[in-house]
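At position 274 of the sequence shown the residue is numbered 1040 (my numbering), and the sequence of numbers has no breaks.
Taking it in order: structure first as structure tokens, then the write-up.
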Amino acid sequence: MKLFMLALFILVISYYAYPWPFTLATLLFSLLLNFLLNYWLVPGGFAWRNYTYYHRNPNKLHGPFSWPFLGFLPQMGSCAHRKLAKIASSLGSTRLMTISLGATQVIISSHPDTAKEILWSASFSSRPLKESTKLLMFERAIGFAPYGSYWRNLRRIATNHMFSPRRISCFESLRQLIADKMIGEVVKEMNESGFIEIRGLLRQGSLSNILESVFGSSLGLEGERLGLMVKEGYELIGEFNWSDYFPLDFWGTKRRCYKLGAQVNEVVGEIMKKRRREGELVNMKNDFLSVLLSLAKEDQLKDEDMVAILWEMVFRGTDTIAILVEWILARTILHQDVQEKAQEEIDTCVGQNRNVQDSDIQNLPYLQAIVKEVLRLHPPGPLLSWARLAMHDTYIDKCFIPAGTTAMVNMWAITHDPTIWEDSWAFKPERFINKEDFSIMGSDLRLAPFGSGRRVCPGRVLGLATVHLWLARLLQRFKWLPNKPVDLSECLKLSLEMKKPLACRALNRSSI
767 MKLFMLALFI
777 LVISYYAYPW
787 PFTLATLLFS
797 LLLNFLLNYW
807 LVPGGFAWRN
817 YTYYHRNPNK
827 LHGPFSWPFL
837 GFLPQMGSCA
847 HRKLAKIASS
857 LGSTRLMTIS
867 LGATQVIISS
877 HPDTAKEILW
887 SASFSSRPLK
897 ESTKLLMFER
907 AIGFAPYGSY
917 WRNLRRIATN
927 HMFSPRRISC
937 FESLRQLIAD
947 KMIGEVVKEM
957 NESGFIEIRG
967 LLRQGSLSNI
977 LESVFGSSLG
987 LEGERLGLMV
997 KEGYELIGEF
1007 NWSDYFPLDF
1017 WGTKRRCYKL
1027 GAQVNEVVGE
1037 IMKKRRREGE
1047 LVNMKNDFLS
1057 VLLSLAKEDQ
1067 LKDEDMVAIL
1077 WEMVFRGTDT
1087 IAILVEWILA
1097 RTILHQDVQE
1107 KAQEEIDTCV
1117 GQNRNVQDSD
1127 IQNLPYLQAI
1137 VKEVLRLHPP
1147 GPLLSWARLA
1157 MHDTYIDKCF
1167 IPAGTTAMVN
1177 MWAITHDPTI
1187 WEDSWAFKPE
1197 RFINKEDFSI
1207 MGSDLRLAPF
1217 GSGRRVCPGR
1227 VLGLATVHLW
1237 LARLLQRFKW
1247 LPNKPVDLSE
1257 CLKLSLEMKK
1267 PLACRALNRS
1277 SI
């Protein structure tokens, strides 16, 4: 209002002192200045303009200035987590910072206290579902369904049936079989090329693992088609989509998501029909599809809901494990002393005459520490996968948060904060030794790579079991060396992955 009165005063003075053309120019300039100062130079950006005016209190939220209408969207690229961490630190707003994504109000926590407050709050139990994600993930899967009775029923089914300790144990033979196949492929690639780009092998292993877990087989041509669909889906919602914030779809993202969603319904729906035709054979299988089809009558789901759940498991379970194991191998190649120490531990506990088993992992604390340290330095979901939606007006850190606000946790900023982690940029697995009480399952927000609170990842135990076993088997069999200098540059898509695939050499330890 003060700015508007100033503009009006300038206009009145100009009217008496200058001819009308200059008066008109002055009016336009004053209006433009008023617009810029009110809608551009607003802490947090354009979307927070009304908040800034109506909530003038000591606990007012703070954030960077940004572009009118666009907000922080131009900066939401592959290094958004780093940019936001730097800005929050410079503004002294690590506990809570505001930004605008178009007209969307967003708060970002870069501190474990406010992160826990958000993720454990009943007010933030839902997710903000963008149009492209809705078209591709159907809004009926565990990770994307709105909070309510349907979502609670899904979580109960997942906890009691799909990810129970007994079922995870049942899948050990599958994990071992795929580890054997990967080791065979490593030997073959080394014999043929003298080096290996490990990402492709890990992704194929992860795809086979998840297809066998979900459907009971690799599905042949249908499995290959699902693998291609997963790859396309990652390209569609892994990149930042402007069409999620504006009605214009210049790149055809929504159209492609709709088309891919139709293909998912067709392929997964046909797999379900084939399984039903097998009749009583369903009860003889341990895969997730059989679990859903054999649920008691009161728990049974609609076909479209089962399609969404099964597709989400394939989609989210294919790349996450492969990306993490690639990061771990990159770090152990760069830090040969760490690799040698892990191999010495495996040799002492297991030896080289038998393969590492799931039951051995608890006796390999240094191997577990390596996994924790890589999750700290390279959290798979550093920012975007943590989004929550304020279902009603609430308070976080004594700051008023209006309903409809999107909340994000910058886990990368937390795990690199020198006030939380000593020597935070250094790779030191030893920091987790003799700290068995340090949990990465969501209770301690200093390191919660799988989320926390109501929306914590239900498959985190199964995922960790797979990573630990595959890593132990690969380190037990091979000495890993660089084929060319290791590049640790990051690329944030759906997960935080290595920008350049890891090219390395794997030498059979028994022949060294």
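Every residue, glycine too, gets a C-beta built ideally from N, C-alpha and C.
All values derive from a computational prediction rather than experimental measurement.
Going by other Cβ atoms of all chains shown within 10 Å of its Cβ, with 16 needed for buried, is residue i buried or exposed?
| i | result |
| --- | --- |
| Ala869 | exposed |
| Gln871 | buried |
| Lys1020 | buried |
| Thr1232 | buried |
| Asp1085 | buried |
| Cys1270 | buried |
| Arg941 | buried |
| Glu1032 | exposed |
| His893 | According to the sequence displayed, residue 893 carries Arg and not His. With 16 or more Cβ atoms within 10 Å of its Cβ, Arg893 is classed as buried. |
| Ile874 | buried |
| Arg1082 | buried |
| Ala1028 | exposed |
| Glu1106 | exposed |
| Glu990 | exposed |
| Met767 | Residue confidence for Met767 is low, a pLDDT of 49 falling below 50, so the modelled location carries little weight; the figure read from the coordinates is stated next. It counts as exposed. |
| Pro1148 | buried |
Taking the straight line between their C-alpha atoms, what separation do you get for residue i and residue j?
| i | j | result |
| --- | --- | --- |
| Met1157 | Ser866 | 18 Å |
| Leu1258 | Ala851 | 14 Å |
| Asn1274 | Val1034 | 40 Å |
| Ile1037 | Gly993 | 15 Å |
| Leu1268 | Ala1096 | 7 Å |
| Asn1121 | Leu1235 | 10 Å |
| Ala846 | Ser1218 | 21 Å |
| Asn1007 | Ser891 | 24 Å |
| Leu901 | Gly950 | 39 Å |
| Ser984 | Glu978 | 5 Å |
| His877 | Ser1060 | 43 Å |
| Met903 | Glu1188 | 40 Å |
| Ser1276 | Arg1243 | 8 Å |
| Lys1164 | Ala881 | 14 Å |
| Trp1191 | Pro1248 | 22 Å |
| Tyr916 | Lys1063 | 15 Å |
| Ile934 | Asp1124 | 10 Å |
| Asp1113 | Gly1170 | 54 Å |
| Ile1022 | Leu1002 | First, the amino acid is wrong: residue 1022 is Arg here, not Ile. Near 8 Å, if we compare the C-alpha coordinates of Leu1002 and Arg1022. |
| Glu1044 | Ala1153 | 41 Å |
| Ile1162 | Arg1220 | 17 Å |
| Lys896 | Lys1201 | 40 Å |
| Val1080 | Ala911 | 17 Å |
| Gln1118 | Glu1111 | 11 Å |
| Pro830 | Leu857 | 8 Å |
| Val1091 | Gly960 | 21 Å |
| Val1116 | Gly909 | 38 Å |
Within a Cβ cutoff of 8 Å, which residues of the same chain sit near residue i, ignoring the five residues on either side of it in sequence?
| i | result |
| --- | --- |
| Asn926 | none |
| Tyr819 | Confidence is the limiting factor: at Tyr819 the pLDDT is only 47, short of 50, which leaves the residue's position unreliable, though a coordinate-based value still follows. No residues qualify anywhere along the chain. |
| Ile1136 | Ile1094, Arg1097, Thr1098, Val1104, Ala1108, Pro1195 and Leu1237 |
| Met1216 | Reading the sequence as shown, one finds Phe at residue 1216 and not Met. Correct list, in chain order: Ile1206, Met1207, Gly1208, Val1222, Cys1223, Arg1226 and Gly1229. |
| Asp1253 | Met1264, Lys1265 and Lys1266 |
| Lys947 | Gly971 and Ser974 |
| Arg1279 | Residue 1279 lies beyond the range of the chain shown here (767 to 1278); nothing can be said about it. |
| Ile1199 | Pro1131, Tyr1132 and Ala1135 |
| Leu1241 | Thr1098, Gln1105, Ala1108, Gln1109, Ile1112 and Leu1133 |
Among the residues of its own chain, which have a CB less than 7 Å from the CB of residue i, if the five just before and after it don't count?
| i | result |
| --- | --- |
| Asp1210 | Phe1204 |
| Phe981 | Ile1037, Asp1053 and Leu1055 |
| Ala1272 | Val952, Met956, Ile962, Phe1244 and Trp1246 |
| Arg906 | Glu1070, Asp1071 and Ala1074 |
| Pro1279 | The displayed coordinates of the chain run from 767 to 1278. Any statement about residue 1279 would go beyond what the structure contains. |
| Ile1089 | Pro1146, Ser1261 and Glu1263 |
| Glu998 | Leu1026 |
Who are the near neighbours of residue i in its chain, counting only those whose CB is closer than 6 Å to its CB and skipping five residues on each side?
| i | result |
| --- | --- |
| Ser974 | Ile944 and Ser984 |
| Thr860 | Ala854, Ser876 and His877 |
| Arg717 | A question about residue 717 goes unanswered here, because the residues of the chain that appear run from 767 up to 1278. |
| Trp1077 | Val1030 and Val1034 |
| Thr899 | Ile1003 |
| Ser1255 | Lys1265 |
(message) Pairs of beta-carbons, one from the segment 1007-1015 and one from the segment 1247-1263, closer than 8 Å: are there three or more?
(response) no
(message) Across the segment 1170-1190 and the segment 916-925, are there enough close Cβ pairs to call them in contact, namely three or more that are closer than 8 Å?
(response) no
(request) Please go through the segment 905-955 and give each complete alpha helix (DSSP H) segment of 4 or more residues, from N-terminal end onward. (result) 915-923 and 931-936
(message) Runs of 4 residues minimum, wholly inside the segment 1134-1186: which ones carry the alpha helix (DSSP H) assignment?
(response) 1177-1181
(request) Would you be able to state if there are at least three C-beta pairs under 8 Å between the segment 1130-1146 and the segment 944-962? (result) no
(message) Restricting to runs no shorter than 4 residues, where is the alpha helix (DSSP H) found entirely within the segment 1176-1249?
(response) 1177-1181 and 1226-1243
(request) Identify every run of the alpha helix (DSSP H) within the segment 1017-1080, keeping only runs that are complete inside it and at least 4 residues long; order them along the chain. (result) 1019-1043 and 1054-1059
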